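Residue numbers (the UniProt record's numbering): 1 to 916.
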């Protein structure tokens, strides 16, 4: 106990050891002190010290709650990644996380037992903020384990007047939200309730919907965020008179009467609800409001007398909402509020995160005035309707932006410089003349006076003329400075006001690079509006939703533009400042494109794409490639729906970097919709989906896992399958593509033999090449070529690779078709069969064989039945050894190394282990 009183830091093992020791009655019984004395001791301890002190004895633990410093606020986060409990008292904080936070410094470790849970903990502090520290544990029971820790903390800390600053519940983690909320009934209030989901689990959402009214009745909630779409199932009678169960968005009427709300799924909010809204702040997303509904809302506000509403934000769809229609019939005038405040920063403008997000008022912000003189600021952008009456946030005054002087200003500045130089020369001569006059009057310099008297007459005349010239120069300088100030004031006024009568011709913009056009779009709204019509048309857009660096790349005839979410490695970049796209603010860097570390791969990605399409001329653009990583994107249908309006999708690639069962199941259910609405010309499907099919088995039926069939992909001209287990022999023989790649199939050598024979008997010229890779075995060349008349192939002597850089001819042979004299090259290597007829790619001739110039030099590798033989020779040229047959192939060293590198890369792309 001496260590505790002296403030010595105890480790977890020491604390546990002291718990097991019998109480030493000779020590001072600190728990017998009166309240004033205990409070004097405890108020100098941090929350960490009090927590550790609670594990000493039961008597001390019982005194902590009444005498310790009151806890002011508690933030609870039942998140999927780092569930946490954050307590704040005056001058101290305590943080318990399930999972290790970022930017921490470990300062100790040990073990604590709380109720039935035993936690291996690590004491940490934040590297950038030493006043914040706490515990983290790898134990990950987000529901029961967290509740046990919360009950223990409330038992040892003084939480009588504490408020829950935020209660964040992830329905992807918490199954029974009511049992969680029951733990917080006795708290003074819940400042903010945030409901969201990382994984869509229907039963968890149903549980929340059923207990929503109970939660609202038992918790004193001031602010609420609902980030899940709740459905209500009702039985209705259809047109045929039959009854069926349909799903409708669940109404949460009580939310519309709260002070601060944010609804991420507001399809249930009707136009009448909008007119009857009784809130202070509101954010409404994914709604069904029209232009007329928002127009009616503003007109009703003009006729009302309520002062409760502070601001309301409604997310817009650029295709459905137009500013002119929203403001129709209203007396809209230029905003006076924006002259003093360009950014709205309110603590309640936040969605699923705790940190508020500010809103930048655009240059064309307007206002409407009520009869009682109350002014509402109306800001309408491409994706946001912001209606602002009042705000308690800080003021952000407009910042004058520096700009380069005009040509007229530069000419006047140069003229001022030359005149000022001439004035200084005249002033210098005048000072010399004054010095001469002083010397003339100085006694003892008569010999100088005699010489200077002869020059005095002409000198006085020159000085008089220079004085006249100096006065004229000063008058000119005053006039030029006045002209320069007028030009500068006009330039500053042009920066603060929208540009009127913009005249940009296509010839001027065509010469600009894509990045310069993007930067030009942030000058004024008028400039941005004309860029999409006058800039050079965009031919192709490549979209990549990957886990490493999601990117958007656009290409025209003369230049390209790329936007990456994530900074490229090993590239020197320059900071270009902050850019706001939609509601997202990006800290940008530039090097052959724009790069940001902001990583919202779904909403942020779409916001950037919409902005790029509004700036550039994308009316005839095609999606050259759409790459979707299901390890990142869970709802692939929502992502694909943004690209249905493009002219065409040249290639669609689906794969996964990290296993995600929810994303796989979502893709399996929406596969038909995606192919029907996107209609890609080329597709690569790198995943397999397992579905449970009712299958007869003996006398019963069992649900057996079966690979899902993707039949529609077989109708495409170009496709590749990373998981082709579901391809049957019949599918293989009925294929009619131009190019196809089938990997990890269960096809037999006899299936491939039948395929070749079928091609020999057909007359179709559609097939160009097909590649088949079987799983778990090597192909048998004799079985595949059985009953076929094969000949030596000479095509690989002219072209060593197919149009795809990883489609190589190993050792090849060919078969001839008699009906139309067609020829096909056959290459069989280990587990891969390659059948080639033609391709439109470039010709890649084999590397030449370089003869050695020095003796005793290894000149090549020779393949034969005994393996690889290195040939060394004393004289120039090749000396074939006896064991080398006449049909063995000779590869020079350089060609062999290139061959192995490309073979290694091919197996890496297929996800196969490389053999050494």
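Ideal Cβ positions, reconstructed from N, Cα and C, are used throughout, including at glycine. Here the structure is a predicted model, which is why all the values come from computation and not from measurement.
query: Supposed contact pair residue 636 and residue 628 - C-beta distance, whole angstroms, cut 8 Å; result: 6 Å
query: Same chain, Cβ closer than 8 Å to residue 423, neighbours up to 5 away in sequence not counted; result: 470, 473, 474, 477
query: Residue 274 versus 464, 50, 297, residue with shortest Cα-Cα distance; result: 297
query: Endpoints, beta strand (DSSP E) assigned at residue 239; result: From DSSP, residue 239 is part of no beta strand (DSSP E); its letter is neither H nor E.
query: Proximity of residue 316 and residue 385 at Cβ, strictly below 7 Å; result: yes
query: Three-state secondary structure assigned by DSSP to residue 707; result: strand
query: Buried or exposed (CB count within 10 angstroms, at least 16 for buried), residue 333; result: exposed
query: Helix, strand or coil at residue 180 [DSSP, three-state]; result: helix
query: Distance, residue 775 Cα to residue 286 Cα; result: 46 Å
query: Residue 506 versus residue 518: straight-line alpha-carbon distance, rounded; result: In this predicted model, residue 506 has a pLDDT of only 48, less than 50, meaning its place in the structure is not dependable; the value taken from the coordinates is given anyway. If I take the Cα positions, the gap works out to 15 Å.
query: DSSP beta-bridge partners of residue 196; result: 170
query: Three-state secondary structure (DSSP) of residue 783; result: helix
query: Between the CA atoms of residue 593 and residue 823 - distance to the nearest angstrom; result: 47 Å
query: Three-state secondary structure assigned by DSSP to residue 854; result: Legend: pLDDT at residue 854 = 38, less than 50; position of this residue unreliable, value from coordinates given subsequently. Of the three classes helix, strand and coil, the one that applies to residue 854 here is coil, per DSSP.
query: Contact under 7 Å by Cβ, residue 191 with residue 234; result: no
query: Straight-line gap, residue 740 to residue 770 (C-alpha atoms, nearest Å); result: 5 Å
query: DSSP bridge partner residues for residue 390 (one or two, in chain order); result: BP columns for residue 390 are empty, so no partner.
query: Bridge partners - residue 366, DSSP secondary structure assignment; result: 334, 378
query: Under the three-state DSSP convention, the category residue 90 falls into; result: coil
query: Contact under 7 Å by Cβ, residue 164 with residue 78; result: no
query: Beta-carbon separation (whole angstroms), residue 344 vs residue 380, contact threshold 8 Å; result: Not quite, the Cβ-Cβ distance comes to about 14 Å (not below 8 Å), so this is no contact.
query: Option nearest residue 603 by Cα separation, candidates 467, 264, 159, 311; result: 264
query: Candidates 756, 352, 347, of which the one nearest residue 392 by Cα; result: 347
query: The region 53 to 63 / the region 170 to 183 touching (three or more Cβ pairs under 8 Å); result: no
query: Presumed contact (8 Å Cβ cut-off) between residue 713 and residue 685, rounded CB distance; result: 6 Å
query: Extent of the continuous alpha helix (DSSP H) to which residue 327 belongs; result: Looking at the DSSP string, residue 327 is not in any alpha helix (DSSP H), and its letter there is neither H nor E.
query: Nonlocal neighbours in the same chain, by C-beta distance under 6 Å from residue 75, ignoring five residues either side; result: 86, 165, 166
query: Cβ-Cβ separation, residue 704 to residue 692 (assumed contact under 8 Å), whole Å; result: 7 Å
query: Residue environment, residue 314, which counts as buried when at least 16 other CB atoms sit within 10 Å; result: buried
query: Bridge partners - residue 652, DSSP secondary structure assignment; result: 626, 683
query: Under 7 Å between C-beta atoms of residue 660 and residue 631; result: yes
query: Residue(s) in a DSSP beta bridge with residue 286; result: Looking at the DSSP assignment, residue 286 forms no beta bridge with any residue, so it has no partner.
query: Beta carbon of residue 201 nearer than 7 Å to that of residue 172; result: yes
query: For residue 349, the first and last residue of its enclosing beta strand (DSSP E); result: Premise fails: residue 349 is in no beta strand (DSSP E) and is neither H nor E.
query: Helix, strand or coil at residue 555 according to DSSP, with G and I counted as helix; result: strand
query: For residue 657, three-class secondary structure by DSSP; result: coil
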